[in-house]
Structure formats: structure tokens, C-alpha cells
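All letters in the sequence shown, in the order written, are residues 1 to 331 by the numbering used here. Positions of the beta carbon are idealized from the N, C-alpha and C atoms, including for glycine. Read the structure below first, then the notes.
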Amino acid sequence: MRLPRFDYLGPDNLEGALDLLATHRDDAKILAGGTDLLVRMKKGLLKPKNLISLKALNELSYIKEEDKCIKIGARTSLADIIASRLIQNKAYALFQACEKIGAVTIQHYKGTIGGNILQDNRCHHYNQSDFHRSGRQPCHKDGGKICYAREEADRCNSTCQSDGATALMALDARIILARKGGERTVDLTNFYTTDGIMPFAMESHELLKEIIIPVQKAQSAYQRLAYRSAIDYPIVCAGVLLKTSDTQKDEIDEARIIVGAMGRSPLFLAQVSSSLKGKKLNDTNAFKKAADASMDNASTFAVHNVGSTLEYRCAMVSQMVFQALEQAAKG
Ligand SMILES: Cc1cc2nc3c(=O)[nH]c(=O)nc-3n(C[C@H](O)[C@H](O)[C@H](O)COP(=O)(O)OP(=O)(O)OC[C@H]3O[C@@H](n4cnc5c(N)ncnc54)[C@H](O)[C@@H]3O)c2cc1C
Ligand code: SF4
Numbered sequence: 001m002r003l004p005r006f007d008y009l010g011p012d013n014l015e016g017a018l019d020l021l022a023t024h025r026d027d028a029k030i031l032a033g034g035t036d037l038l039v040r041m042k043k044g045l046l047k048p049k050n051l052i053s054l055k056a057l058n059e060l061s062y063i064k065e066e067d068k069c070i071k072i073g074a075r076t077s078l079a080d081i082i083a084s085r086l087i088q089n090k091a092y093a094l095f096q097a098c099e100k101i102g103a104v105t106i107q108h109y110k111g112t113i114g115g116n117i118l119q120d121n122r123c124h125h126y127n128q129s130d131f132h133r134s135g136r137q138p139c140h141k142d143g144g145k146i147c148y149a150r151e152e153a154d155r156c157n158s159t160c161q162s163d164g165a166t167a168l169m170a171l172d173a174r175i176i177l178a179r180k181g182g183e184r185t186v187d188l189t190n191f192y193t194t195d196g197i198m199p200f201a202m203e204s205h206e207l208l209k210e211i212i213i214p215v216q217k218a219q220s221a222y223q224r225l226a227y228r229s230a231i232d233y234p235i236v237c238a239g240v241l242l243k244t245s246d247t248q249k250d251e252i253d254e255a256r257i258i259v260g261a262m263g264r265s266p267l268f269l270a271q272v273s274s275s276l277k278g279k280k281l282n283d284t285n286a287f288k289k290a291a292d293a294s295m296d297n298a299s300t301f302a303v304h305n306v307g308s309t310l311e312y313r314c315a316m317v318s319q320m321v322f323q324a325l326e327q328a329a330k331g
């Protein structure tokens with residue numbers, strides 16, 4: 001498979017990149033590590049006229065603690081995140097998630113955290129070569145009017161399989177989107193649309209600049225299931241955060257349960273999460289109940305488009321959530 005033709009634009013700094021984005025808008029895509037983008041281009045899923053490279057933008061590569069938050073530049077490599085003591089000590093779920101992404105080559109070679117969050121949703125009916133797709137009618141995401149994953153669907157239900165986004169949502173992260181002349185901060189939980197064709201609520205002239213994780217007195221964990229232990233996307237994953245009460249150290253004050261690879265975005269299960277308030281950290285029954293409720297909730301969003309049977313993935317939600325809760329509780 002060959003890459004389609006494109007112009008390579010290599011700005012020296014953030015301002016230059018934002019200028020180029022403002023000029024080219026829908027005709028351009030940001031190129032970070034390229035481990036998602038270039039594969040999609042080779043399959044003919046995307047044919048941008050211009051690629052704006054972040055290669056020279058070292059200013060977007062950092063991990064630091066500031067104002068009671070961990071701040072990560074969007075171009076920071078997955079390898080740097082895995083190696084960071086700060087992430088290991090204060091954002092453990094993200095460390096666990098990044099360790100599982102793709103393979104060591106993707107983590108060390110070029111894959112970035114920004115690209116991980118913004119990798120396009122996937123669907124095994126769609127993520128195929130031009131040749132494969134040319135033999136049948138296009139689906140919604142391919143510009144057509146049908147969906148192979150859910151017959152009656154009036155929109156695309158492609159699946160978000162980002163490990164990083166699921167862990168970051170558990171950690172209650174925010175992101176900064178920059179554009180020429182300004183920027184805005186968005187809770188990751190509010191960053192998604194309800195259509196898998198364009199899963200992110202972001203404009204074509206915006207660039208993901210920074211990820212912000214509040215430092216909290218909390219324990220987090222991440223679990224995922226994939227067919228292979230490397231070079232494979234998750235078919236189900238779960239990120240959780242457990243905050244304990246200031247007075248009762250063994251009592252949960254606030255929980256966040258996020259289920260990934262089961263919907264168009266990572267799913268924040270607010271009601272199930274709040275059912276854990278007041279429970280003890282060693283309350284296995286409460287964790288089991290929350291895990292089963294997570295399975296019921298997440299099952300309504302998923303469609304059969306990510307390998308494996310839908311029934312199996314749904315059943316495994318309960319396992320992933322339970323294991324993540326147990327692990328976070330142990331600290
Ligand atoms: C074999 C294989 C296995 C993989 N396994 C996994 C896996 O297990 N889990 C997982 O989560 N991912 C997986 N991936 C997907 C991908 O490799 C990773 O998500 C990686 O982190 C993407 O980062 P990147 O820098 O290469 O992104 P790129 O490919 O450069 O970019 C991805 C998308 O984000 C946009 N983008 C990137 N940075 C910015 C920015 N700062 N502002 C605006 N837009 C931006 C690009 O325009 C593009 O649309 C896999 C990929 C392959 C090829
Ligand atoms: S979910 Fe349906 S519309 Fe979306 S990519 Fe898959 S087959 Fe196409």
C-alpha cells in the first residue's frame with residue numbers, strides 16, 4: 001500500500017503550526033508520530049492535501065508538575081510517559097495504559113500522547129484497504145448511508161480504542177486546544193460528539209497543545225483485554241479512580257469508572273461511579289455490583305465492530321472494571 005500524494009509542511013514552532021492550520025483548515029492534518037495517521041492514509045481512508053508536522057516542536061514535549069496538576073505536552077512520546085516517575089507515582093492508570101499501547105516500537109519510535117487521544121475511531125468494517133471497501137456500498141463513515149455494524153443505525157458507531165484516553169478520563173483530565181490567536185480548555189469527558197464519523201468536538205484549525213491531570217489524593221488503575229499482548233488494540237478496557245475520605249482513610253469519597261473500547265468515546269459511568277461513595281476499600285461485594293452494573297450500562301453503546309463477539313466483550317467489561325477497582329483499592 002502506498003501513501004497518497006501530500007505536501008509536507010514543517011513549521012519551526014507552535015505559532016507557525018497554528019498559522020498553517022488557520023490557512024489550510026480542512027485541507028490539512030497534523031502529523032505527530034504518524035503511527036495512526038499514515039496507516040489510515042495508506043488504506044485510502046484519508047487523503048489530506050497537507051501534513052503539518054510537529055517534528056520540530058520540542059516545546060510540545062514535556063511532563064511537569066505545576067499548580068497541583070501534571071501537565072503533559074501533546075507531542076510527548078509514549079516512551080517518555082512510561083519512563084516518568086511523576087506519572088508512575090501520581091497518574092498510575094496512565095502509566096499502565098501507555099505501557100500497553102501497540103508495541104515497544106510504537107511507544108519508543110514515534111507514538112505521542114496527543115496522537116493517541118486523537119487517533120480516529122475504528123471499525124473492522126471500515127478500517128480496510130481501498131480495494132476491500134470498493135467491493136461494496138460505502139457506509140456512513142465512508143460517505144454512504146448504511147452501517148454494517150448496526151443495521152438500523154442512522155449514524156456511525158465506530159469505536160474509540162484509545163488506551164490513553166480511557167485512562168486520562170479516569171484521571172479526570174482536561175485538554176488545551178490552541179488555535180491562531182487563542183486557546184480553550186475542555187474536560188476530556190465533554191470532548192466527544194455522538195457521531196463516529198467525527199468523534200471529537202474540535203475544529204479543523206485547532207491543535208491539541210496540552211493535557212492536564214489534577215493531582216489528587218487518589219488511587220487509579222487501568223486494565224485492558226486484547227487478543228495479543230502486543231501490537232493489538234483493546235477490545236475492552238477500564239480505567240478507575242478512587243478518592244478516599246480525609247477523615248476515613250479506608251472509605252471511598254469519590255469514584256470514577258470509565259469503560260473504553262465499547263462506544264464512540266470512553267464511557268464515564270457516572271451513576272455506577274457514585275454508587276461506590278461511602279463504601280470501604282475492601283468491600284469486594286460493592287466492587288462486584290459496580291462491575292456488573294458497568295457491564296449493563298456499557299453494553300447498550302457497543303456494536304459488533306471490534307473483533308470478538310459483542311457478547312464476549314460485554315461480559316468482559318465486568319471483569320475489567322472489577323480488576324481495576326481491586327487494583328486501585330490496593331494502591
Ligand atoms: C500496529 C498498531 C497497534 C496499535 N495499538 C494501539 C493500542 O493498543 N492502543 C492505542 O491506544 N493505540 C494503538 N495504536 C494507535 C497509535 O499507534 C497510537 O495511538 C499512537 O499513540 C498515536 O500517536 P501518533 O503520534 O503516532 O499519532 P498520529 O498518527 O501522528 O496522529 C493521530 C491523529 O491525531 C492527530 N493529531 C496528532 N497530534 C495532534 C495534535 N497535537 N493536535 C491535533 N491533532 C493531532 C493527527 O492529525 C491524526 O489524525 C496502534 C497503531 C498500530 C499501527
Ligand atoms: S460503525 Fe457502521 S458506519 Fe461506522 S465505520 Fe462501522 S460500518 Fe461504517
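For residue i, does the three-state DSSP call read helix, strand or coil?
| i | result |
| --- | --- |
| phenylalanine 332 | As shown, the chain starts at 1 and ends at 331. That puts residue 332 outside it, with no answer to give. |
| lysine 180 | coil |
| glutamate 151 | coil |
| arginine 2 | coil |
| glutamate 326 | helix |
| valine 215 | coil |
| alanine 173 | coil |
| alanine 238 | strand |
| alanine 201 | coil |
| alanine 32 | coil |
| alanine 221 | strand |
What residue range does the alpha helix (DSSP H) around residue i cover?
| i | result |
| --- | --- |
| tyrosine 233 | Run containing tyrosine 233: none; DSSP gives neither H nor E here. |
| glutamate 25 | In the sequence on display, residue 25 carries arginine and not glutamate. Where arginine 25 is concerned, there is no enclosing alpha helix (DSSP H), given that its DSSP letter is neither H nor E. |
| methionine 41 | 37-42 |
Among residues of its own chain, excluding the 5 on either side of residue i, which ones have a beta-carbon nearer than 6 Å to its beta-carbon?
| i | result |
| --- | --- |
| leucine 45 | none |
| glutamate 99 | Ile82 |
| tyrosine 233 | Gln161 |
| histidine 205 | Leu21, Ala22, Arg25, Arg179 |
| valine 236 | Leu225, Ala261, Arg313, Met316, Val317, Met320 |
| serine 61 | Gly73, Arg75, Thr76 |
| alanine 97 | Asp163, Gly164, Ala167, Tyr222 |
| leucine 9 | Leu20, Asn50, Ile52 |
Could you check if residue i is buried or exposed, using at least 16 other CB atoms within 10 Å of its CB as the buried criterion?
| i | result |
| --- | --- |
| glutamate 152 | exposed |
| alanine 238 | buried |
| aspartate 246 | exposed |
| arginine 184 | exposed |
| glutamine 219 | buried |
| alanine 91 | buried |
| serine 84 | buried |
| proline 4 | exposed |
| tyrosine 192 | buried |
| phenylalanine 200 | buried |
| phenylalanine 322 | buried |
| phenylalanine 95 | buried |
| glycine 144 | exposed |
| asparagine 305 | buried |
| serine 405 | Because the chain spans 1 through 331 in this model, residue 405 falls outside it and cannot be assessed. |
| methionine 202 | buried |
| arginine 228 | exposed |
How would you write the range of the beta strand (DSSP E) that residue i sits in, first residue to last?
| i | result |
| --- | --- |
| alanine 170 | Where alanine 170 is concerned, there is no enclosing beta strand (DSSP E), although the alpha helix (DSSP H) it sits in stretches over 163-170. |
| glutamate 254 | 252-260 |
| aspartate 12 | Note, aspartate 12: premise wrong, no beta strand (DSSP E); not H, not E. |
Going along the chain, which residues of its own chain have a beta-carbon closer than 8 Å to the beta-carbon of residue i, five neighbours each way excluded?
| i | result |
| --- | --- |
| asparagine 282 | Asp250, Ala329 |
| leucine 267 | Ile258, Val259, Gly260, Asn297, Ala298, Phe301 |
Spatial neighbours of residue i within its chain, please: CB distance less than 7 Å, with the 5 preceding and 5 following residues excluded, ordered by chain position.
| i | result |
| --- | --- |
| methionine 169 | Leu188, Thr189, Gly239, Ile258, Pro266, Phe268 |
| valine 272 | Ile257, Ala290, Ala293, Ser294, Asn297 |
| leucine 276 | Ile252, Ala255, Ala286, Ala290 |
| arginine 133 | Asp142 |
| alanine 79 | Gln107, His108 |
| aspartate 27 | Pro48, Lys49, Asn50 |
Are the C-beta atoms of residue i and some chain C residue less than 9 Å apart?
| i | result |
| --- | --- |
| aspartate 296 | Annotation note: the requested chain C is absent from the structure, which comprises a single protein chain. |
Could you check if residue i belongs to the surroundings of ligand 4, using beta carbon to heavy atom distance under 8 Å?
| i | result |
| --- | --- |
| asparagine 127 | Ligands in the displayed structure: ligand 1 and ligand 2; ligand 4 is not one of them. |
Continuous beta strand (DSSP E) assignments of at least 3 residues falling wholly in the stretch 45-108 = Runs found: 50-53, 63-66, 69-73.
Runs of alpha helix (DSSP H) wholly within the stretch 265-322 (minimum 4 residues, chain order) | Runs found: 270-274, 284-299.
Could I get the ranges of all uninterrupted alpha helix (DSSP H) runs contained in the stretch 111-145, with 4 residues as the minimum, in chain order?
-> Uninterrupted alpha helix (DSSP H) stretches at least 4 residues long and entirely within the stretch 111-145 occur at 113-118, 130-134, given in chain order.
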